[in-house]
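> Take this structure first; my questions come after.
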Amino acid sequence: MPDGLSDWLGDMKNVIEERDKMPIDSTFQYRAMWEEYIPAMKDKVYTRSNIAEFENYIADCCREWKKEGYGYIPFAGARDYLPESIYEQFRAVAEGMTYIEYDYNQHAYLRWKQKGYEEKMGNILSTTWTQESGFNVALPQISGQYPPAGCATIAMAQVMKYNEYPTFFNWNSMPNSYASSVTAAFIRDVADAINADYALDGTSASLSDVRNALVSKYGYSTTAQVVNHSAARTIGNLRKKQPVIMQGFTDDGKVGHAWVACGYHDIDHYTEYELLTMPEEFHPGGTFVFLISDSYTTDFDIRTYFYMNWGWGGSYNGMYLDTNLYLERSDGSFSWNRNRKDIVDIVPK
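Heads up: the sequence shown is residues 1 to 349, going by my numbering.
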C-alpha cells in the first residue's frame, strides 16, 4: 500500500475513534470526505435492502397487514392517498426517521384501515297517539267542531305516558294505539296546562310552556330544559332511556311541528393512515423493524338517525337522518330542519 494512502487511512481511523469528542461541524466535513472513497460500499448497502431477507420481511408484514384489514403501499405512492399538507408532513418524518442508508420512498410504508363504530337503540315509545280520532273529544269545541289536540300536546302526553308519571293519572286505562275517554280527559288536562291555543286549522303551544308544565304542574325534575338541538345530547338522553321532545320548522319558517325522538342509530366511520419507518436504532445488525412514526385520520361517513314518533297515529314513524328531516305525506312534503329545539333531561322526580 502506498505510504500516503496508508497514512491517510490511519488518520481517518483515529478520527473515527475520537469522533464523539469532535465538534459536529468537523464530523460532517470528514463524512463528506469519506463518501468520496466509498461509492462501492454505498451501492452494497443499498442493495442490502433488496436481498431475500428484506423481501421476506416485507412479504411477512404485508400478509399480516392484510390479515388485519389494512391497505398498504411503499411511501413512493403515498401522495395519491393523502392531502398535500399531510403528505409533506409524512414525507419530512419519513425522510428524517428512515435509516440514512435506506431510501425512505421504498423503505417507509403507508398503511391505512377503515375504523369506526355503529351504535343503535330501537324505538322505546309504545304509544302511537294522534291529534284527532278521539284523542281530542274532551277539548272545547269551536263552531261545533273539536279542534286538533296540537302536536306539542301529543308529544308531551306520549312522554308522560311512557314514564307513567305523575302517578295520579290512571295510566292503565290509556291504550297505546287508540283513545279512551280517560285518554281524552288526560289530553285536555295537558293541553290546558301548556296554554294551548286552540284552532280548527291547528292547535299550537310553545316548548317553554311544555317544559314549565312538566316541572311546575306535573312534578318532573327541574333538569328538564329547552336547548338548541344537539344530536349528541339527544343520544345521551336516549342511552338513559329518556325520550326527547323535539321541535322544528319548515324552510320558510312558517310551519312548525313538535314530536318525540325515541330511538337512534349513530354511525361514525373513518380512515386512519399510518406512516411506518425503519429508524437506525431499531435494526441492530440488520434486523428489520417498522415503527409507526406518524398518523392521520379522516372522517368519511358520519351519520345520525333518530327514530321519530311524529304524533300522527304511527304514520311515518321511523328512523330519519337528523340533518335532513324530510318526509312525503299524502297532503304534501314536509321538512323540519329549521330552528331546531329540544326538551332534554325529562326525568320524573
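Heads up, the beta-carbon is just placed ideally off N, CA and C, and yes, glycines get one too. Since this is a predicted model, take the numbers as computed values, not measurements.
Please check the pair R233 and V227, which I expect to be a contact at CB under 8 Å, by giving their CB distance rounded to whole angstroms.
Contact holds; Cβ gap of about 7 Å.
> Could you tell me which of G256, A185 and L276 sits nearest to H107, measuring between CA atoms?
L276
> Any beta-carbon of chain D closer than 9 Å to the one on T234?
The structure shown has no chain D; it contains just one protein chain.
> I'd like the span of the alpha helix (DSSP H) that includes N228, first residue to last.
Segment Q225 to N228 is the beta strand (DSSP E) holding N228; no alpha helix (DSSP H) there.
> If contacts are defined as beta-carbon pairs under 8 Å, then F135 and A184 qualify, I think. What distance do you get, rounded to the angstrom?
6 Å
> Rounded to whole angstroms, what is the Cα-Cα separation between L207 and T323?
21 Å
> Does the stretch 96 to 112 come into contact with the stretch 124 to 132, if we say contact requires no fewer than three beta-carbon pairs (one atom in each stretch) closer than 8 Å?
They do not touch, by the three-pair rule.
> Is the separation between the beta-carbon of A191 and that of L238 shorter than 9 Å?
no
> State whether the stretch 139 to 148 contacts the stretch 171 to 179, with contact taken as three or more CB pairs (one from each stretch) at a distance under 8 Å.
Flag = no, the stretch 139 to 148 and the stretch 171 to 179 do not touch.
> Please give the ranges of any alpha helix (DSSP H) in the stretch 203 to 246, keeping only runs that are unbroken, at least 4 residues long and fully inside the region.
207 to 216 and 231 to 239
> Assuming R63 is part of the alpha helix (DSSP H), what are its boundary residues?
A52 to K67
> With DSSP collapsed to three states, give me the class of N136.
coil
> Taking C-beta to C-beta, are G116 and D268 nearer than 9 Å?
Between G116 and D268, the gap from beta carbon to beta carbon is short of 9 Å.
> Tell me whether P23 is buried or exposed, calling it buried when 16 or more other Cβ atoms sit within 10 Å of its Cβ.
Low local confidence applies: a pLDDT of 43 at P23 is under 50, so the model's placement there is unreliable, with the coordinate-based value given in what follows. Around the beta carbon of P23, a 10 Å sphere encloses fewer than 16 other beta carbons of the protein chains shown; the residue is thus reported as exposed.
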